[in-house]
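When you read off a place in the sequence shown, starting at 1, and then add 992, the result is the number in this note's numbering.
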Amino acid sequence: MSKKNVKRLSAKEIQTEIENGGKFVHYQYVISYIIGTSKNQSELKLIKQGQSTFLHSFWYNLGTIMFGWWGFPSGPSTVVKALRTNMKGGVDVTNQILAVSAGYLMYEEANSEKA
């Protein structure tokens, strides 16, 4: 699920997805130039309960393998770190998303009491 789909979820829907075992992750990808290496993050992905992270990370891993090695001196080590992170399921940011959505729900509740 891309960031566009995640963006359309309300705070309540986000909390429901997390309660049902979903998680929000970023994947890493590396692009190297001859004298430099750039490590980037994918857009936010919602991984629902029971979904495999392999298909979500596949294209980022493939691009990293193809374009990440060529930088000197840190290209190879950065590629290995990014691939390791992606193979472990990406960078889990579920707690941060949950904190923001809970704060938003508290804000809405406080504003509805004032009205």
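Yeah, the Cβ is synthetic: ideal placement off N, Cα and C, and Gly gets one too.
- The Cβ atoms of Trp1051 and Ser1024 lie no closer than 9 Å to each other.
- DSSP places Val1017 inside the beta strand (DSSP E), whose first and last residues are 1015–1018.
- Counting of Cβ neighbours within 10 angstroms places Asn1053 among the buried residues, the total reaching 16 or more.
- When DSSP states are grouped into helix, strand and coil, Asn1032 belongs to the strand group.
- Judged by DSSP in its simplified three-state form, Val1022 adopts strand.
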